[in-house]
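Offset between the sequence shown (1-based) and this note's numbering: plus 4.
Positions of the beta carbon are idealized from the N, C-alpha and C atoms, including for glycine.
The structure under discussion appears below in the form of structure tokens.
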Amino acid sequence: MKKPYWNEELKNLWFDMYYKEKVYLNYRGTNHVRKQLQHKFLDASTVFNKTLRRAERNYNKHVQNEIESISTENPRQFWEYIKKLGPKTNAKIIEEVYDENGDIKGYRSQYFRRREFHIPFHLKSC
Numbered sequence: 005m006k007k008p009y010w011n012e013e014l015k016n017l018w019f020d021m022y023y024k025e026k027v028y029l030n031y032r033g034t035n036h037v038r039k040q041l042q043h044k045f046l047d048a049s050t051v052f053n054k055t056l057r058r059a060e061r062n063y064n065k066h067v068q069n070e071i072e073s074i075s076t077e078n079p080r081q082f083w084e085y086i087k088k089l090g091p092k093t094n095a096k097i098i099e100e101v102y103d104e105n106g107d108i109k110g111y112r113s114q115y116f117r118r119r120e121f122h123i124p125f126h127l128k129s130c
């Protein structure tokens, strides 16, 4: 799922956090240095998480303000916007036909053939 509030700053903070985590997890030296690397990773993680939450809050606030302004100015557009927010439905295409026992009786192509149209004789000569 793509986050509409994702930006260049979040991307840079994510890669910084990822790099510091990788250095911390792969370090095999003294415990003192390992603790320092752990704190650097945790600090980077905290900064990333706070920035992500702030960006998400700002985006949600912007969407709410947009919905409020549309609801008073253009009700038709408001309801179209609300319909887009609802659950998505997928049209399922039936491929198999089952009998009462749950066994496959046949396939869709056997039951739903294209209708063949016959041209009347008097129109063929035109």
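By the three-class DSSP mapping on this structure, what secondary structure does residue i have?
i: Y9; result: coil
i: N78; result: coil
Looking only at its own chain, which residues have a Cβ that is under 6 Å from the Cβ of residue i, when we skip the five neighbours before and after it?
i: F82; result: I74, S75
i: R38; result: Y31
What separation, rounded to the nearest whole angstrom, lies between the Cα atoms of residue i and residue j?
i: Y28; j: V51; result: 17 Å
i: K65; j: F19; result: 27 Å
i: D47; j: N69; result: 33 Å
i: Y31; j: K44; result: 13 Å
i: E13; j: D103; result: 58 Å
i: Q40; j: E25; result: 12 Å
i: E77; j: K87; result: 17 Å
i: K15; j: R57; result: 14 Å
i: A59; j: Y23; result: 22 Å
Would you say residue i lies against chain D (beta-carbon separation less than 8 Å)?
i: G33; result: In the structure shown, chain D does not exist; there is a single protein chain.
Keeping to the same chain, check which residues put their C-beta closer than 7 Å to that of residue i; ignore five residues upstream and five downstream.
i: P8; result: Y63
i: S49; result: M21
Within its chain, find whatever has a CB closer than 8 Å to the CB of residue i; leave out the 5 residues flanking it on each side and keep chain order.
i: W10; result: A59
Exercise. Which ranges would you report for the beta strand (DSSP E) in the segment 13-49 if only whole runs of at least 3 residues count?
Worked result: Within the segment 13-49, no beta strand (DSSP E) run of at least 3 residues lies entirely inside it.
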